[in-house]
Amino acid sequence: MKKRILTGIKPTGQIHLGNYMGAIKPALELAKDEQYDAFYFIADYHGLTRTPDPEEFKELSYGIAATWIALGLDYEKSVFYRQSDIPEVFELNWILACYASKGLMNRAHAYKAIVDENKKNGNDLDDGVNMGLFTYPILMAADILLYNSNTVPVGKDQIQHVEIARDLAQTFNKKYGATFNLPEYKVDADTAVLPGLDGRKMSKSYNNTIPLFSDEKKLLKLIKKIKTDSSLPGEPKDPDQSNLFSLYKQFADAEQIAEMRTAYEQGISWGEAKQQLFEVMNEALREPRERYQELMGNRDKLDQILKEGAEKARSIATPMMKDIRTKIGL
Ligand code: ADP
Ligand code: TRP
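In case it helps, the numbering used here puts the sequence shown at residues 1336 to 1665.
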């Protein structure tokens, strides 16, 4: 049997270039790898812990689905679905919750970070913590274990969550016999952190992003906003210290990169470097952007794709849950 890779993407903001380079591009490559069956889903229940506005939440969920397909996810070959279309994940969530100690949740980074922040500010320690956020790692364990996933590609911040899933799987297996695979995380160490407009990590939390599917005008406008130093046209510039160059490298081919490196050393103006970046980026994103717009205009098609994905997912989840229920004596 092929190994299963699984990852979830939260609909919490417009997809930006950092998400693409750091998460989507590597995951799409894994999905093409013949040794894996890929399970990719929209983690909308996890997105709910931020209690979003309903209309915006819905748009973001469709946006995520359209983005992945526009960028080349083969939804017929892989299992691509909405988390909230799988009732079994909740059933398993509750069962796992009964085997997860509260102490384990107390130690989870995201929750701990909020508590530490509250402590620092002299607030009530539970300020801003809802139970969805507190038990977030259990639902994530249910996502992973329900399909007996082997490999979970994630960013560094999610490693602990995959370890919790592994812990819970072990606890369950020990009590009831071999049931769950022990999942392993896969963190792409080579993935660069893409800088945002202000030079910090590109992140929706910093409001410094370039949305992946900005239209041409907006893309050019945002590129012009990227911070540079005050060196003048004609002055040599160090490409390895430049955000513009880091972005350029993500979209250009080897020859273009080499030429641009020389241009920097020979003192290309920042204005010209920005124009060149726009051109290479715009070219690379043109087709996916069109596909994205087309899909966003066809919600029925997106619903249909996700529905078929959910059916595939449930054909695995249902017998799995049956086995689990029998084992625990329900
Ligand atoms: P954000 O920081 O915008 O809130 P998320 O935390 O939702 O983004 O990250 C979603 C995925 O995108 C994660 O796998 C994360 O590692 C990746 N990612 C986010 N920002 C960047 C960046 N600037 N460079 C590389 N990868 C990133
Ligand atoms: N927590 C993940 C994130 O914030 C999203 C997620 C939910 C996930 N369930 C998952 C990732 C299962 C991998 C496996 O990015």
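We put the beta carbon where it would ideally sit given N, CA and C, even for glycine.
> So does residue 1478 have its beta carbon nearer than 6 angstroms to some heavy atom of ligand 2?
Replying inline: Residue numbering aside, residue 1478 sits at position 143 when the sequence shown is read from its first letter. Yes; taking the cut-off as 6 angstroms, the Cβ of residue 1478 has a heavy atom of ligand 2 nearer than that.
> Among the residues of its own chain, which have a CB less than 7 angstroms from the CB of residue 1591, if the five just before and after it don't count?
Replying inline: On the sequence shown, residue 1591 is found 256 positions in, with the first residue counted as 1. Cβ within range, chain order: 1615.
> Cα separation between residue 1499 and residue 1472?
Replying inline: For the purposes of this step, residue 1499 is taken as residue 164 along the sequence shown, with counting starting at 1. For the purposes of this step, residue 1472 is taken as residue 137 along the sequence shown, with counting starting at 1. About 7 angstroms.
>> Give me, in chain order, the residues of the same chain whose beta-carbon lies closer than 7 angstroms to that of residue 1397; leave out the 5 immediate sequence neighbours on both sides.
In response: Numbered from 1 along the sequence shown, position 62 holds the residue referred to as residue 1397. Within the same chain, residue 1397 has close Cβ partners 1631, 1634 and 1637.
> In the region 1483-1543, which residue ranges form an unbroken alpha helix (DSSP H) of at least 4 residues, counting only runs that do not cross its ends?
Replying inline: 1494-1511
> On the premise that residue 1645 lies in contact with residue 1372, defined as a C-beta separation below 8 angstroms, what is that separation, rounded to the nearest angstrom?
Replying inline: Here residue 1372 is taken as the residue at index 37 of the sequence shown, counted from 1. Here residue 1645 is taken as the residue at index 310 of the sequence shown, counted from 1. So it is not a contact: roughly 16 angstroms between Cβ atoms.
>> Quick test of your reading: residue 1487 and residue 1341, contact by CB under 8 angstroms. State the CB separation rounded to the nearest angstrom.
In response: If you number the sequence shown from 1, residue 1487 lands on position 152. If you number the sequence shown from 1, residue 1341 lands on position 6. The pair is a contact, with the Cβ atoms about 6 angstroms apart (cut-off 8 angstroms).
>> By the three-class DSSP mapping on this structure, what secondary structure does residue 1666 have?
In response: Since the displayed the chain opens at 1336 and closes at 1665, residue 1666 lies outside it and no answer follows.
> CB-CB under 6 angstroms to residue 1297, same chain, minus the five flanking residues each way: which ones, in chain order?
Replying inline: It is not possible to answer for residue 1297, since the shown part of the chain is limited to 1336 through 1665.
> DSSP on residue 1353, reduced to helix/strand/coil?
Replying inline: Taking the sequence shown and counting its residues from 1, the one referred to as residue 1353 is at position 18. Helix.
>> Taking the beta carbon of residue 1609 as the centre, do at least 16 other beta carbons fall within 10 Å, making it buried, or is it exposed?
In response: Position 274 of the sequence shown, counted from the first residue, corresponds to residue 1609. Classification of residue 1609: buried, given that the 10 Å Cβ count is 16 or more.
> From residue 1386 to residue 1555, what distance separates their C-alpha atoms?
Replying inline: Residue 1386 sits at position 51 when you count from the first residue of the sequence shown. Residue 1555 sits at position 220 when you count from the first residue of the sequence shown. So the two alpha carbons sit approximately 33 angstroms from each other.
> What residue from 1354, 1521, 1503 and 1528 has the CA that sits closest to residue 1435's CA?
Replying inline: One-based indexing of the sequence shown puts residue 1435 at position 100. For the residues 1354, 1521, 1503 and 1528, the minimum Cα distance to residue 1435 belongs to 1503.
> Using 8 angstroms as the Cβ pair cut-off and three pairs as the minimum, do the region 1340-1360 and the region 1475-1492 touch?
Replying inline: yes
> Is it the case that the CB of residue 1342 approaches a heavy atom of ligand 2 more closely than 6 angstroms?
Replying inline: Locating residue 1342 in the sequence shown gives position 7, counting from the first residue. Under cutoff, so the answer is yes.
> Cα separation between residue 1443 and residue 1607?
Replying inline: Here residue 1443 refers to the residue found at position 108 when the sequence shown is read from its first residue. Here residue 1607 refers to the residue found at position 272 when the sequence shown is read from its first residue. When rounded, the distance between both Cα atoms is 46 angstroms.
>> Below 8 angstroms on the Cβ atoms is my contact criterion, and I expect residue 1399 with residue 1344 to pass it. Report the Cβ-Cβ distance as a whole number of Å.
In response: In the sequence shown, counting from the first residue as 1, residue 1399 sits at position 64. In the sequence shown, counting from the first residue as 1, residue 1344 sits at position 9. Yes, they are in contact, since the Cβ atoms of residue 1399 and residue 1344 sit about 6 angstroms apart, within 8 angstroms.
>> Give me the pocket residues for ligand 1, defined as CB within less than 5 angstroms of any heavy atom, sorted by chain position.
In response: 1353, 1354, 1357, 1358, 1490, 1528, 1529, 1536, 1537, 1538 and 1539
>> Can you tell me whether residue 1574 is buried or exposed? The criterion is at least 16 other CB atoms within 10 Å of its CB, across all chains shown.
In response: The residue you call residue 1574 lines up with position 239 of the sequence shown. Classification for residue 1574: buried.
> What are the start and end residues of the beta strand (DSSP E) that includes residue 1463?
Replying inline: For this step, residue 1463 is matched to residue 128 along the sequence shown. Careful: residue 1463 lies outside any beta strand (DSSP E) and carries neither H nor E.
> If you draw a straight line from the C-alpha of residue 1558 to the C-alpha of residue 1547, how long is it?
Replying inline: Position 223 of the sequence shown holds residue 1558. Position 212 of the sequence shown holds residue 1547. Between residue 1558 and residue 1547, the C-alpha separation is close to 12 angstroms.
> So, helix, strand or coil for residue 1592, using DSSP?
Replying inline: Counted from its first residue, the sequence shown places residue 1592 at position 257. DSSP places residue 1592 in helix when its eight states are reduced to three.
> Does the separation of the CB atoms of residue 1652 and residue 1423 fall below 7 angstroms?
Replying inline: Counting from one through the sequence shown, the residue named residue 1652 turns up at place 317. Counting from one through the sequence shown, the residue named residue 1423 turns up at place 88. It is a contact, given that the beta carbons lie within the stated cut-off.
>> Which residue marks the beginning of the beta strand (DSSP E) containing residue 1373, and which one marks its end?
In response: On the sequence shown, residue 1373 is found 38 positions in, with the first residue counted as 1. Unbroken beta strand (DSSP E) run through residue 1373: 1371-1377.
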